[in-house]
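S.K.:
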Amino acid sequence: MLLAAESMTQASLAHVLLLAGVLFAIGIAGFLARRNLIVMFLCTELMFQAVIVAMVGFGRWYWDFSGQVFVIFILTVAAAEAALALALVVLLHRRRSTLDAESWTELRE
Amino acid sequence: MDPILPYIATAGAALGLLLVLTGRTMAARSSGGVVGLASLAWLFGMAGGLPGAAGDVAEHVFFLIFALTAVASAVQMIRQKRPVYSALFFVLVIMSVCGALVMLEAFFIAFALVIVYAGAILITYMFVLMLAQQASDSAHAGETPEYDRSPREPFAAVMVAGLVMATVVSAAFTGLGDLPPAAGAETRVQADAALLRSLPAQVQREASQAGVSLETEDIAQGVRVDGDQVLIDGVTEAGDPTTVHLTRPGNTSHVGWMLVASFPASLELAGVILLMAMFGAVVLARREIDHAERALARSAGRVAEDSESGQDA
Amino acid sequence: MIGYAMAITKASAGVPAVPAAEAIMAPELSWAGLILLLPLLSLILCGLCAAAKVTSKLPAVITATALAGAFVTSVFLYLNYQPPGDVIPLLDWMNISWGDGQFESFSANFALYIDSLSLLWIMFVTGLGTLITIYASEYMEPDLGKGYSRFFAGVSVFLFAMAALVLSDNLLMLYLGWEGVGFASYWLIGYYYQRPAAVAAAKKAFIVNRIGDLGLALAVYLIWTTFGTVQYDELMTVLEDGDYRAAFEGWTVSAIPFLLMLAAFGKSAQLPLYVWLPDAMEGPTPVSALIHAATMVTAGIYLVARTYPLFLLEPVSLHVVAWVGGLTALLAATIGMAQYDIKRIMAYSTVSQLGYMFLGLGVLTTYGAAYHVFTHAFFKAVLFLTCGAIMHGFAGQLDLRHLSGLRHMRGWRITAWTMFIGCLCLAGFPFTSGYFSKDAILAEAFVTQGPGFEILGWIAIFTAGLTAYYTFRVWFRVCAGPVAYEPGDELHGEDDHGGEFHPHAPRLAINGVLVLIALGALVAAVPYFMSNTADEHLAGGWVADMVHDSTAREGIPGFHGDAHAGHGDAHPTIFGADPHVAMYWISGTVGMIGLLFAAWLHLWRRSQADAIKAWLLHRAWIGWLPRAMERKWYVDEVYHALIRAPLWILGHILYAFDRFIIDGLLVDSVARIPRGVARCLQPLQSGAVQAMAIVMVGGAAIILLLMALFMQFGWFGGQA
Amino acid sequence: MLSVLLMVVPLAGAIVIMLAPARAARGIAMIATLAGAGIAVAAATNFDGWGTGGWGLEFQSELLPTLGITLTLGADSVSLMLILLTALLMPLAVLGSWTAVTTRLREYYGWMLVLSTAMIGVFLARDLLVFYICFEFTLVPMYFLIAIYGSGNRAWASLKFFIYTFLGSLIALAGLLYVVWQHAAVAGAWSFSIPELAAFASTGLTSVEQAWILLALMAGFAVKIPLFPVHTWLPLAHTEAPTAGSVLLAGVLLKLGTYGLYRFVLPMVPAAVVEWAPLIAVLSIIGILYAALICWVQTDVKKLVAYSSVSHLGFCVLGLVALNPLGLQGSVLYMINHGLSTGALFFLIGMMYERYHTRDMGQVGGLASKMPVWSCFMVFFVLASVGLPGLNGFVSEFLCLIGTFAAGGSGAYPGVLGPWLAAIAAIGMIFAAMYLLIMVGKIVFGTLREPPGHASDMPSDLNFREIVVLVPLAIGCILLGVQPDLAIHAMEGAVADTLSAYPDVVTGVLNSVSPQGATP
């Protein structure tokens, strides 16, 4: 009884997951649809947010803090990524004077 | 509930997103927003009937409000034509997410996010944006560049996003039933007790405040749980046996302990990564400045380049 | 390898090549294999001569010697002959067995089946072969050192194959000979391989024969599936026991004779497969005489006679044989009447005479057919050889309008008179050999009961008149009348004496052979009166004796088989007389009438012939007849339009179909699917990061989603 | 060990060629192929399964026992005959290319030897993996032989050849792997042993499964044979291949398909074979007639002979699906005979091509007067191909057809074909005579025609080397024509083993069909 009552106090895991999913999807949509390199990176950060939400949500479900610990790692990686990626963006921008992702198509066969 | 309905709601949300992204008129965009939010609301409503989908009403309502804000700002973020606005909306997303995290009792993370993301990372973005904007502004006289005004293949993008969403929806609507029940109060107390057992110094400190001195060796066995209390028996300086009610550790203690106790190597690695990222950023930026300068020099005049190459030869 | 050899010995021991009854066959008879071996030896020696570029007459000598040896061997065989006959195994060929039952083995070996029928055939084949080889040794002189060896090698091949055909102990070896003679014929018709007409004729002969061969092959298959054996002796045993019908569907038994008939008609140039024979005259004349008149073309008669019991199982087949024979005789005779090339006339007369033989087979007189084969071999050989001599001497001239009065020319008398003998026999002049043999057939047409056999008899009699006419048309035109000639288009250096053409008369070899064979043609009448058996019922003399001991015994006079309806008590008559007797008079009369017509139109009043022809041609109601006769009833053209051209067009259509539909449309487009799919997806590979991301994320999402949906809805057997 | 030597000696030759100077290449190849032929003859001499159906030349080596992957070699009499054919053709092919190939000698002869190893490997394999690897590996050398040394359109031809046959055999592999998988599921251990799999599949699979496996196997083998609708790579590949390539393609590679039918399809899926034999037979017959008519209108001699292969192999398949000893023995004989006579025809055409650099019958003709020896051989082999009795082609064609004919009745080996199919197929005999004689009539006989601008004294008749190439084939043709018993008795036991399951299966199918037919 006690456990059941306790569980009533928790925010819905389904809702947490849905929030994560929606954010992630919006991030993907933005990443794919926007052509500005910086906004694309912003969108990846948005996807990080989605992942963070999901991790925290599950961590709370199990009352396991490794979820939150990993959020810290994600933060680290995000920071590192932001540093490097933005350096690269600056670099690319210097070469072409544009932030348009489509101006870089050297990956084509 | 027909199992197909969540997918229909997902499709509706995707449609709304598409309209928001591509709508040429205000009306189209706002109707897209309405459709999208309505679909999402329907989706969240359906999810209310799932196992573990109920909760403390106030907490839940706040969670939903934050969620709504986060989603709305995220949408705004990806549709804003000016990158600066996108970045600002992203800050709003982070704030809303932090709010949601607070509702999920992840206080440390929530504040860390605000500090690191909204504070540090986003500022870096801002700087870069300003750098880039400045360069393009010089060419295009403050006009939003074409690549910011028109999205590329929004339909495909939204479709892929919808597919991803659909997988998550599928997981949310089918997989959760198989999970073990959520951790209840008992689990939490036990977790707190376990943490306290690993932190004898803290326990000693607290016990000494209550006038009890404990041997380090006894703490591991002594800490026990009674109801939602964490207790430890001891003897006062007066020699009376007494029970000390220990303060239950908070979120930050848990996270911090887990970080250093369970993932020390990862922590070190994370530090190394950060360091390397810093080096990398510096190196990348430096080298390319040279290139850029040389390019500038080239564009300045062919004579210089020729003489340079002549010297090289 | 030792184990291997043992396995073979064991296996062949398990297969009875010779039934137990014949197992007592005298082993010393295996020298009879010389009949096959000698021509083969001669073939190899001629081949060596060709390789050594021999320029003498050595190949002719070799071949003649070998064939003479074969002839002597066959005569010895005849002298050693004991009535039931013998099987002489020579060499294993094909033996497959997978059980001990009747239908659980297939066995066909090189073995000789010696009975009177095969002896009759092999003797005249080797005998005439020898003589014609001698003739050819002179005839082929112009080719000395060029194709001489090749020619005689071909003759050797032919004799080998013919001997195999005639002496074979099973249908498969017969098939070997059958195709072998076809091949030899191809070889020799195409002897002048630089002449397109000769090459075309050779090809045509082989292919038309192949149609017949198909019939034979199918017949062999059917015979094996029906009777479980292809060996004559076992076949006859099964037939006598009569237990085959229970095991098999009746239609196979009925179909076999028709298929055999197809084979026989192909080889013996009957309707509708006779078209190759006239064209075959492109070959050297000795070849025409040997292969296309005397021997090979009678293989069809031999086949039917050999498998006569099978025909008797299905009487309708014999009726068909009779009618086809009779109609071919008539048709070929009408064409022969209108030709000018004497060799072609002889070719059509051969077709016509072969028609008689089939008529004879059809009206149940194998004896008559065999006798006619026998006599025809001689007199037709004479006729062809004289034609050859003329052709040889007059530089290829064969048009009877450009030759006349040969019998008055020096050196040509023997040719003219031997030809006369041949013509008499062919025309059925009383008391010549052809007279007796033809009568035997004609009379039987009236005796035997069958659908319209009486009409057929009158057709045959009418044809006999036509035969006499066209035969003597040749002789009166070419040999009688005033001396006049023009050279043909094959002038040899030796004929060119100072710008004026002098025909060179035949010399010893040709003349000698002509005389010998002409004598043979006359003497061939003698066997009619000669019998070495004491059997009272056997009329018809030596040939009838020879047929009597064989598989074809049902069709000899005096044999009272129940299949031979009409013999004995209910004897039909012509004009109230026994047909056998009446026919002596009727055919003699008809022959005389034809002869007199010929004499009138082509000896006494040659201009009249042209006038009549002109008169006929200008009458609309009848004008088509001589024209059609001269154009051979347009049979070649009809075949071309109905068979060859459609198939050729079909070939082109199929080739186009193959290239464009199967290869182009189906195969290549299947091959293009991957390329097409790749083309469709190519825009995704724009190189833009996001495009790749779309594919990557979309792909991952689709896979995940599908997995999730399978789990959720239980598709494809997933957990619901 | 002889079986390993058979495979290793050519391979070793190829390695030596790679290391040796180019001018020594053909000599080394000659030695290696002659050695291979010698080993094959030695193997045949020591083989004691002639006629009895036993296996010999066995060799086994465990490679990956846990997965059931072994290197198992062995041959029954049918395999050994085909090995003998391959080993005989190889030195001739090398000798035939003596002067025809002038560039990149080391690669040419190296690939030839590798091809030899692969072909022999197919016939020696008693293990599915060995079989399949060798089966596929024949493609690679042949691809290079065509693509590098072929004529005109060689790139397209080689590509088509490779992809077409490769695709087909992949499908076959899928079918075979299904059998392996099922067998592993039942037996509990992986095994790739062909006899084991055949024994399992013939009894352990349902008729529906068998039908699918048959379809998959046919996809691989029918392309290789090639059967009617999937034959179009063959004329192209044959036409463009170098002479020795054509010889080996016609002589051996096509036989891989029929051998596959013999080794896999017949023992593995009897029920499906019985069910689908009429369809396969009809396809073969269509192929016989269709290809024959196409031959008729060809002007390219080599293409004509290539299409004739399609026609001829139709008889071969027909004999296989007759499902009785007559047809099967005829079919195996056909494989050998076709290898001899068509191989020789390709040699002859190659010799002509070497002299005139054209294969167009419109440009070359009447060669009898210029090249009598060549013409003799040409006529001889054409006759062997036409099926003149006394030469080899006749025996096998006859047995295939009579087998088909007998496949309608009851008896020890009931069948599902019957006289009508055989009768229609037999029309192919007429067509064969037609197109081959037309070809002979054009290029051998008639007045001499040579390509314009050709020095008239230049080409001479065959030299000694070329005669040496042709004579063994001619001897083989005569030997197998006059003494087919040698081969027939040798394969008797093996054929009986292959067919052992069939009488019951056929009877079962016939009995189960007729009541159904009676009740609508």
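Chains as they are written, first to last, in the numbering used here: chain X, 1 to 109; chain H, 110 to 422; chain V, 423 to 1142; chain L, 1143 to 1662.
We put the CB at the ideal spot given by N, CA and C, even for glycine.
Could you spell out the range, first to last residue, of the beta strand (DSSP E) harbouring V:P511?
M.R.: The residue given as residue 511 of chain V occupies position 89 in the third sequence. D508 to S519 is the span of the beta strand (DSSP E), which, as asked, contains V:P511.
S.K.: Taking 7 Å as the CB-CB limit, is V:G1121 close to chain H?
M.R.: The residue labelled residue 1121 of chain V in the question sits at position 699 within the third sequence. No, V:G1121 lies away from the interface with chain H (no Cβ there is under 7 Å from its Cβ).
S.K.: Can you tell me the Cα-Cα spacing of V:S529 and V:N517, whole angstroms?
M.R.: One-based indexing of the third sequence puts residue 529 of chain V at position 107. One-based indexing of the third sequence puts residue 517 of chain V at position 95. If you take the alpha carbons of V:S529 and V:N517, they lie about 4 Å apart.
S.K.: If contact means a Cβ-Cβ distance below 8 Å, which residues of the region 627-651 of chain V contact chain L?
M.R.: Residues F628, I629, R632, I633, D635, L636, A639, L640, V642, Y643, L644, W646 and T647.
S.K.: Identify the contact partners of L:W1438 in chain V, using a Cβ-Cβ distance below 8 Å as the criterion.
M.R.: Position 296 of the fourth sequence, counting from 1, holds the residue named residue 1438 of chain L. Neighbours of L:W1438 on chain V, chain order: L1069, W1070 and G1073.
S.K.: By DSSP's criteria, H:T351 is part of a beta bridge. Which residues make up the other side?
M.R.: Here residue 351 of chain H refers to the residue found at position 242 of the second sequence. Answer is H:G343.
S.K.: Against chain L, with Cβ distances strictly below 7 Å, would V:F573 count as a contact?
M.R.: Walking along the third sequence from the start, residue 573 of chain V turns up at place 151. No, no contact with chain L.
S.K.: Could you pull the start and end residues of the beta strand (DSSP E) that V:E1059 belongs to?
M.R.: As a first step, residue 1059 of chain V must be located in the third sequence, where it is residue number 637. No beta strand (DSSP E) holds V:E1059; the alpha helix (DSSP H) holding it covers V1057 to Y1061.
S.K.: Candidates X:L13, X:H15, X:G30 and X:S12: which alpha carbon is nearest H:G271's?
M.R.: Walking along the second sequence from the start, residue 271 of chain H turns up at place 162. Considering only alpha carbons, the answer is X:G30.
S.K.: Going by CA-CA distance only, name the one from V:L462, V:S478, V:Q616 and V:A620 that's closest to V:A575.
M.R.: Here residue 575 of chain V is taken as the residue at index 153 of the third sequence, counted from 1. Comparing Cα positions, the closest option is V:L462.
S.K.: From the beta carbon of X:S7, is the nearest beta carbon of chain V less than 7 Å away?
M.R.: For this step, residue 7 of chain X is matched to residue 7 along the first sequence. Caution is warranted here: a pLDDT of 42 is assigned to X:S7, below 50, making its placement in the model unreliable, and the coordinate value is therefore given only provisionally. Not one chain V Cβ lies under 7 Å of X:S7.
S.K.: List the endpoints of the continuous alpha helix (DSSP H) containing X:A101.
M.R.: The sequence position of residue 101 of chain X within the first sequence is 101, counting from 1. Taken as a continuous stretch (DSSP letters only), X:A101 belongs to no alpha helix (DSSP H), as it is neither H nor E.
S.K.: Give every residue of the same chain whose Cβ lies closer than 6 Å to the Cβ of X:A20, excluding the five residues on either side of it in the sequence, and list them in chain order.
M.R.: Mapped onto the first sequence, residue 20 of chain X falls at position 20. Counting only Cβ-Cβ distances below 6 Å, and skipping sequence neighbours, we find A50, V53 and A54.
S.K.: I'd like to check one pair, L:V1256 with L:P1283: are the Cβ atoms closer than 7 Å?
M.R.: Start at 1 with the first residue of the fourth sequence, and residue 1283 of chain L comes out as number 141. Start at 1 with the first residue of the fourth sequence, and residue 1256 of chain L comes out as number 114. Contact: yes.
S.K.: Comparing the C-beta of V:D565 with each C-beta of chain L, is any distance below 7 Å?
M.R.: Position 143 of the third sequence, counted from the first residue, corresponds to residue 565 of chain V. Not one chain L Cβ lies under 7 Å of V:D565.
S.K.: Mind checking who L:R1591 pairs with in its DSSP beta bridge?
M.R.: Here residue 1591 of chain L refers to the residue found at position 449 when the fourth sequence is read from its first residue. L:R1591 pairs with L:G1507.
S.K.: Please report the Cβ distance between L:T1484 and L:V1447, rounded to the nearest whole angstrom; I am assuming they are in contact, meaning their Cβ atoms lie under 8 Å.
M.R.: On the fourth sequence, position 342 is the one that residue 1484 of chain L refers to. On the fourth sequence, position 305 is the one that residue 1447 of chain L refers to. That pair is a contact at about 6 Å.
S.K.: Keeping to the same chain, check which residues put their C-beta closer than 8 Å to that of V:I446; ignore five residues upstream and five downstream.
M.R.: Walking along the third sequence from the start, residue 446 of chain V turns up at place 24. In this prediction, V:I446 has a pLDDT of 44, which is less than 50 and means its spatial position is unreliable; nothing more can be read from the coordinates.
S.K.: Straight-line CA distance for V:G790 to V:D911?
M.R.: What you label residue 790 of chain V is simply residue 368 of the third sequence in a count that begins at 1. What you label residue 911 of chain V is simply residue 489 of the third sequence in a count that begins at 1. Their Cα atoms are separated by approximately 42 Å.
S.K.: Identify which residue in H:S317, H:S322 and H:S259 has its Cα closest to the Cα of X:R34.
M.R.: Here residue 34 of chain X is taken as the residue at index 34 of the first sequence, counted from 1. Comparing Cα-Cα distances from X:R34 to each of H:S317, H:S322 and H:S259, the minimum goes to H:S259.
S.K.: Using three-state DSSP, classify V:R1097 as helix, strand or coil.
M.R.: Your numbering for residue 1097 of chain V matches position 675 in the third sequence. V:R1097: helix per DSSP, three-state reduction.
S.K.: In this structure, how does DSSP classify H:V329 when only helix, strand and coil are distinguished?
M.R.: Start at 1 with the first residue of the second sequence, and residue 329 of chain H comes out as number 220. It is Ala, not Val, that sits at residue 329 of chain H in the sequence shown. Of the three classes helix, strand and coil, the one that applies to H:A329 here is helix, per DSSP.
S.K.: By a C-beta neighbour count over all protein chains shown, 10 Å radius and 16 as the cutoff for buried, is H:F282 buried or exposed?
M.R.: Position 173 of the second sequence, counted from the first residue, corresponds to residue 282 of chain H. So H:F282 ends up on the buried side.
S.K.: Indicate the three-state DSSP secondary structure (helix, strand or coil) for V:E601 in the structure shown.
M.R.: Numbered from its first residue, the third sequence carries residue 601 of chain V at position 179. Note: V:E601 maps to helix in three-state DSSP.
S.K.: To the nearest angstrom, report how far apart X:L18 and H:Y194 are at their CA atoms.
M.R.: For this step, residue 18 of chain X is matched to residue 18 along the first sequence. For this step, residue 194 of chain H is matched to residue 85 along the second sequence. Cα to Cα, X:L18 sits roughly 26 Å from H:Y194.
S.K.: Taking C-beta to C-beta, are V:I556 and V:A486 nearer than 7 Å?
M.R.: Taking the third sequence and counting its residues from 1, the one referred to as residue 556 of chain V is at position 134. Taking the third sequence and counting its residues from 1, the one referred to as residue 486 of chain V is at position 64. Yes, these two residues count as a Cβ contact at 7 Å.
S.K.: Excluding sequence positions up to five away, which residues of its chain have a Cβ less than 6 Å from the Cβ of V:K626?
M.R.: Taking the third sequence and counting its residues from 1, one reaches residue 626 of chain V at position 204. Answer for V:K626: W698 and D701, listed in chain order.
S.K.: For V:L534, does the three-state DSSP call read helix, strand or coil?
M.R.: Reading the third sequence from its first residue, position 112 is the one you call residue 534 of chain V. Three-state DSSP puts V:L534 in a strand.
S.K.: Would you call H:I113 buried or exposed, if buried means 16 or more other Cβ atoms sit within 10 Å of its Cβ?
M.R.: Against the second sequence, residue 113 of chain H aligns to sequence position 4. So H:I113 counts as exposed.
S.K.: I want to verify the contact list: residues of chain V whose CB lies under 8 Å from the CB of L:F1303, in sequence order.
M.R.: Here residue 1303 of chain L refers to the residue found at position 161 of the fourth sequence. Those do not exist, as L:F1303 stays about 12 Å from chain V at its closest Cβ, beyond 8 Å.
S.K.: Starting from L:G1292, trace the beta strand (DSSP E) in both directions and tell me its first and last residue.
M.R.: Within the fourth sequence, residue 1292 of chain L is the residue found at index 150, counting from 1. Segment: none, L:G1292 is in no beta strand (DSSP E) and carries neither H nor E.
S.K.: Bridge partners of X:N36, per DSSP?
M.R.: Taking the first residue of the first sequence as position 1, residue 36 of chain X is located at position 36. In the DSSP output, where bridge partners are listed per residue, X:N36 has X:D100.
S.K.: My understanding is that H:T361 touches H:F217, with C-beta atoms under 8 Å, so please give their C-beta distance in whole angstroms.
M.R.: Locating residue 361 of chain H in the second sequence gives position 252, counting from the first residue. Locating residue 217 of chain H in the second sequence gives position 108, counting from the first residue. With 8 Å as the limit, H:T361 and H:F217 qualify as a contact, their Cβ atoms being about 4 Å apart.
S.K.: Taking the CB atoms as reference points, tell me whether V:L636 and L:M1571 lie closer together than 7 Å.
M.R.: As a working mapping, residue 636 of chain V is identified with position 214 in the third sequence. As a working mapping, residue 1571 of chain L is identified with position 429 in the fourth sequence. Yes, Cβ-Cβ distance for V:L636 and L:M1571 is below 7 Å.
S.K.: Going residue by residue through the region 686-710 of chain V, where are the continuous beta strand (DSSP E) segments of at least 3 residues, counting only ones entirely within it?
M.R.: Runs found: none.
S.K.: Just checking, does the region 577-587 of chain V make contact with the region 603-619 of chain V on the three C-beta pairs under 8 Å criterion?
M.R.: Yes, since at least three Cβ pairs between the region 577-587 of chain V and the region 603-619 of chain V fall closer than 8 Å, the two stretches touch.
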